[in-house]
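Trainee: Each residue of the first sequence is one higher than the last, beginning at 108 in my numbering.
Idealized CB from N, CA, C, for every residue including glycine.
One structure, as structure tokens, below. Some questions next.
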Amino acid sequence: MAGKALQAVRGMNDIFPEASAGWQALESDLRTLLALYGYGELRLPLLESTELFAHAIGDVTDIVQKEMYTFADRNGDSLTLRPEGTAGCVRAAIQAQSMRGHTPRYYYMGPMFRHERPQKGRYRQFHQLGVEVFGLPAASTDAEVIALSARILRTAGVTAALQINSLGSPAARAHYRSMLLDYLRPRRAELCADCQERMERNPLRVLDCKVPTCQDIAHMAPHLADHLDEDSAAHFALLQSLLTALDIPYQVNHRLVRGLDYYSRTVFEWVTDALGAQGTVLAGGRYDGLVAQLGGAETPAIGFAVGLERLLALQALQGRAVEAPIPLLFLGALENAGVARTWQIAEKLRDRGISVVAGGPATFKNIMKQAERSHARFQAIIGAGQLAGEALILKEQAGEGRWQGNLDALHEGLHCLGVDFPQPAPHTVRNFATVRALS
RNA sequence: GUGGCUGUAGCUCAGUCGGUAGAGUCCCGGAUUGUGAUUCCGGUUGUCGCGGGUUCGAGCCCCGUCAGCCACCCCA
């Protein structure tokens, strides 16, 4: 923590094993679940040309204007560390022509970068799981994607509330936008300073301002939902009936808008009040115009992204214990003379799929401490006596299991205590340290 | 980017009026112990976040800076 010592870049975190176990468990759960819905992983570059994001996200958004990590590479090309995944995903699909004659379902998982002021649940390098579906315009696809998002949260063991809205077609939205401006202009003086600025850049965002006077004005503003084009209205109605059929509770929030410009029609968010100001844990929507906008064929699309840090923080708060892998056996050598033998036995057990941590040489007291700290399920200590043929004691560290026998028959002892050979899956234990590390 | 709070041992925290670095816990070594015990002895617990200033003297006062947290903002 010394000021001059090397330290991580602000807002970028190291994830140590106590915490990464929770990440791995979550990631693996998510992958299993995505496969269940037929989604395939698309691994994308972290760097894209700056132009892509300016084009896709909208160059008046905060993300593009003030939050991107943009730099010139050695050729002088302007590159940007991806601040979100949709743009790159669309670019890849267009480039590979993977949408021609297909309706691919993709997901991606990994770090995103935004130069924001760090806070809990908001980091400069953060991680998202994103999902994108191309070529399917029907409301049933919206329902599928929302059902998937619901299952992601359920699988993670967290609860949040679903809010949905429809932004309508681009034309309807543009029309509504000018209506809204007509409504807002006479009241401009009553709006907060931020909203006076928002009016010019993105008037829809005035609708979800937190300032009470702005909220009052927003409440009385014309509803976007009342001014949808006919097709979008039907689409939205059908989506709602499908959500009801799928037993997914939701709330229509007329003031729900998205910060990114590419959304149209359905937008949705899973929100919680447990994470302070960072209450949106998962959000997405339809973006039927983006593929064409980026140079592809006219292709409807929908997707969402989950903030993994936020998901994990919610898990920690809502008490889902994260399980961390532990070794099966701790093998300790008391004296120098026993070290070679101990390590040999450890290697042989590993050959059979048994995870072993070896320790020593050390005093008896310290070897016991090492055994405890390893959190291994079993422990056995090898001293001069055992080398000379005395019985070895194999015992369960957290339980009553106990076996005595010859050093060379250790695997039989493990077998007696209920361990199968080979051991296909890692053993797990509740690791409360993980929860602490996240909270 | 704006505002506020915080930063002392590995961890949790004291530190009075500016006068030579503290507690608990943990850790390390040793003795006894012979299956996580007990007891005893000994040890590090430290650029007081970092840099500068004021002062005979700064953990304490002033300025700057870095980091964390909270709110705004933004967003997942």
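Locate the beta strand (DSSP E) running through Q477, then write down its first and last residues.
Mentor: Careful: Q477 lies outside any beta strand (DSSP E), inside the alpha helix (DSSP H) at F471 to S481.
Trainee: Just to confirm, is the Cβ distance from M216 to E337 under 9 Å?
Mentor: No, they are not a contact pair.
Trainee: Alpha carbon to alpha carbon, how far is C196 from L438?
Mentor: Cα-Cα distance, rounded: 48 Å.
Trainee: Looking at A325 and V313, is the spacing between their C-beta atoms short of 9 Å?
Mentor: Yes, these two residues count as a Cβ contact at 9 Å.
Trainee: Excluding the 5 residues flanking F528 on each side, which residues of the same chain have their C-beta closer than 6 Å to its C-beta?
Mentor: Cβ within range, chain order: R459.
Trainee: Cβ of G228 within 9 Å of Cβ of Q385?
Mentor: Yes. Within cutoff.
Trainee: What does a CB cutoff of less than 6 Å around P533 pick up in its chain, not counting 5 residues either side in sequence?
Mentor: In this prediction, P533 scores a pLDDT of 47, lower than 50, which makes its location untrustworthy; the coordinate-derived value is nonetheless stated afterwards. Result list for P533: P432, in chain order.
Trainee: Could you check where the beta strand (DSSP E) with A179 kicks off and where it finishes?
Mentor: Segment Y176 to A179, the beta strand (DSSP E) holding A179.
Trainee: Between G396 and T373, how many whole angstroms is the CB-CB distance? I'm expecting something under 8 Å.
Mentor: Actually they do not touch by this definition, with Cβ atoms about 13 Å apart.
Trainee: Which runs of the alpha helix (DSSP H) spanning at least 4 residues fall entirely within the region 116-153, listed in chain order?
Mentor: Listed in chain order, they are 124-143.
Trainee: Locate the beta strand (DSSP E) running through Y215, then write down its first and last residues.
Mentor: R212 to F220 is the span of the beta strand (DSSP E), which, as asked, contains Y215.
Trainee: Give the straight-line distance between the Cα atoms of K476 and R261, rounded to the nearest whole angstrom.
Mentor: For K476 and R261, the distance between alpha carbons rounds to 39 Å.
Trainee: Just to confirm my understanding: we take E174, look at its own chain, exclude 5 residues before and 5 after, and list those with CB closer than 8 Å. What are they?
Mentor: Contacts found: P190, R221, H222 and E223.
Trainee: Taking C-alpha atoms, which residue in Y283, P310 and A281 lies nearest to R294?
Mentor: Out of Y283, P310 and A281, P310 has the C-alpha closest to the C-alpha of R294.
Trainee: Near A399, which residues of its chain fall below 8 Å by C-beta distance, leaving aside the five closest residues on each side in sequence?
Mentor: Only E405 and T406 meet the Cβ criterion.
Trainee: Determine the contact status of L441 and A267, defining contact as a CB-CB distance below 9 Å.
Mentor: No, the Cβ-Cβ distance between L441 and A267 is not below 9 Å.
Trainee: Where DSSP assigns a beta bridge to E442, which residues make up the other side?
Mentor: Answer is none; E442 lacks a bridge partner.
Trainee: Output yes or no for whether 9 Å exceeds the beta carbon distance between L331 and Y290.
Mentor: No, the pair does not count as a contact, with Cβ atoms beyond the cut-off.
Trainee: Use the C-beta contact count for A115: other C-beta atoms within 10 angstroms, 16 or more gives buried, fewer gives exposed.
Mentor: A115 comes out exposed.
Trainee: Excluding the five sequence neighbours on either side, which residues of its own chain have a C-beta within less than 7 Å of the C-beta of C321, listed in chain order?
Mentor: L298, C299, C302 and V313, listed in sequence order.
Trainee: T193: buried (16+ other C-beta within 10 angstroms of its C-beta) or exposed?
Mentor: Answer is buried; the Cβ neighbour count reaches 16.
Trainee: Roughly how many whole angstroms lie between the Cα atoms of L113 and Y230?
Mentor: So the alpha carbons of these two residues sit roughly 19 Å apart.
Trainee: Report the partner residues of W377 according to the DSSP bridge assignment.
Mentor: The partner list for W377 (beta bridge, DSSP) reads L269 and L389.
Trainee: My understanding is that S339 touches A279, with C-beta atoms under 8 Å, so please give their C-beta distance in whole angstroms.
Mentor: S339 to A279, Cβ: 6 Å. Contact.
Trainee: In whole angstroms, what is the alpha-carbon distance linking A478 and L436?
Mentor: Distance between the alpha carbons of A478 and L436: 9 Å.
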